[in-house]
Each structure stands twice: as C-alpha cells, then as structure tokens.
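What follows is a short report on a single structure.
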Amino acid sequence: MLCVDSNYRLVCKIITDFSVKFDYLKIFNPYILMNIAQMRKTYKAISSLFVFMEATLHIPDSDKDTASDDHQVAIGGSVNRPQTVHSSHYSFERYPENETKVSIPSQGITSIDSNIKRLVKLKKLYLWNNNLKSLPPEIGELKNLQELSLSGNKLKALSAEIGKLVNLQDLNLNGNEFELLPAEIGKLENLNVLYFRSNKLKTLSAEIRELKNLQYLYLDYNKLETLSDVIGELKNLQYLHFNYNKLKSLPAEIG
C-alpha cells in the first residue's frame, strides 16, 4: 500500500477500517474527505500498480544503494567498481575471493562465467533485471550464499546445483518464465522466503513440502488454478500471497 503523506495514510486507514476512532480526525484537514470515493479508486489503482511493480522488479531493501562501498572490488591493491558490462557475458574473474556481496542489476547480461565459484564467501548475490536464461553449475559452489535475487530475467529452469545452496534463506525468482516450481528448490532446507511472482505457474509441485523452514511464500500474478494440499505441510509458513491467479477454491488446509 502506498500512502504519500500522513493525511493520505489516515484516509487509507479510514477506507479499510471503519472502526477508526474519532480522535484520528483531528490530525488532518476536513477537505480531504470531500471526494473520498474518487480517492478510494485512486488508492486501489496505485496499490495494484505497486504490487505489480514489486512482482516484476523486486529490489531487496538491503540492496537499494548499489553504489555503496560494499559493492567495490579490490583489484591489484586499489579499489575499483565492478566492471561495466560491454557484452552479454559477465565474468567474475576480477572479483576478490573474499567478496561477500555482489550486485549487477539491469546490465543486459545473458550468461555468467564459471569464475563465480571463486567467491566462496559470497553471502548476497543480486542479478535482477537482466536477460539470464540459465545459471552455470558452479553456482552450487557458493555454500555461504544467503540471499539470491534473479528477478526480472528469462529463466525457465534452474540447474540441479542450486540445491547445494544449503544456507540460502531468501530466493527471488519474480518475473521469469517458469511454468513449474523447480524441483531443486525442495532441497533448500533453510529457505525462509520464496518470491515466485509473475511467472507462468499453473500448479505447485510436491517438492515444496520439503521447505520446512519457509515462512513467506509469494505466488501473485501466476496462472494457478488450484493450490496443492501440500501447502498445509509447511508448518512454519506465516504469509502466503496468491493474488491475481485463477483460483476458484482453496484446499481445506488453508481455507
């Protein structure tokens, strides 16, 4: 929900919660209620727009400043920025082996090289809004990886080696071309958050039941017609989002 100022936030509160106390009305100008019906339509439109934007281009909060010192790379004793991409293939050869965070958004990358395996201490890898269609098997060597964002690419499948990322906690696959939930995800036993918005998913595969530590699951903007009852086996799941699908009913486990 987007509220641009304190007055608007209060109107949003009034619109969605008619139990708002009278005392609240003292903090904003009365004229703001004159066209509340139109404001409600505007709020819905803005809210839907930002849900869609978040679904297609999810930018992790911890990665808002891509120009921070965390993203600098030490080369030959001096500090330099990661290389500017001049081709569709991206090489990790120049990165120091002790790098813990790498962010390469919106560079038109279609592939990355096997040198990524050198970054054995990497904890956060953000490759959103590129043109990746696959990942090298060496991605499985990043045993310390905790956050991986691949949103806004052209992925249809994941390499089996993804299942080796046993410390991965946050996986963002928003805005790709998956028709099935990759079976490899079921091996990510420590996964807490899975973003899978804006894909072409029609059903959930049984492997999702293996995500025993999953707490947040985002499935908005897919083509789901049913939700598998395996959802009920995710005992630690706290938030399940599945807006803008084709669901006609819910399994008894969550209904």
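Going by UniProt numbering, the sequence shown runs without a break in its numbering and finishes at 255.
Idealized CB from N, CA, C, for every residue including glycine.
Only a predicted model underlies this, so the values are computations on that prediction, with no experimental measurement involved.
The segment 200–233 is shown to contain whole beta strand (DSSP E) runs of 3 or more residues at 216–218, in chain order. Residue Glu-93 holds the alpha-carbon nearest to the alpha-carbon of Leu-119 among Thr-110, Glu-93, Asn-153 and Gln-238. With respect to Leu-188, Leu-211 sits close: the two C-beta atoms are nearer than 8 Å.
Following the DSSP letters along the chain, one finds Asp-170 inside the beta strand (DSSP E) bounded by residues 170–172. Leu-204 and Ala-183 have their C-alpha atoms spaced approximately 10 Å apart. Runs of beta strand (DSSP E) with 3 or more residues, each lying fully within the segment 150–184, are found at 170–172, listed in chain order. Separation of Asp-220 and Leu-171 (C-alpha to C-alpha, rounded to the nearest whole angstrom) is 15 Å. For Val-120, there is no enclosing beta strand (DSSP E), as DSSP gives it neither H nor E. Spanning the alpha carbons of Lys-154 and His-89 requires a straight line of approximately 15 Å.
Taking C-alpha positions only, His-241 is separated from Tyr-218 by approximately 5 Å. Each residue's CA atom was taken as its position, placing Gln-146 and Glu-177 some 23 Å apart. Residue pairing by DSSP places Glu-147 opposite Lys-124 and Asp-170 in a beta bridge. According to the DSSP assignment, Ser-103 belongs to the beta strand (DSSP E) that extends over 101–103. Measuring C-alpha to C-alpha distances from Tyr-126 to each of Leu-148, Leu-135, Thr-110 and Ile-116 identifies Leu-148 as the nearest.
If you check the CB distance, Glu-179 and Arg-209 do not come in under 8 Å. Spatial neighbours of Thr-226 in its own chain (CB-CB distance under 6 Å, excluding positions within 5 residues in sequence) are not present.
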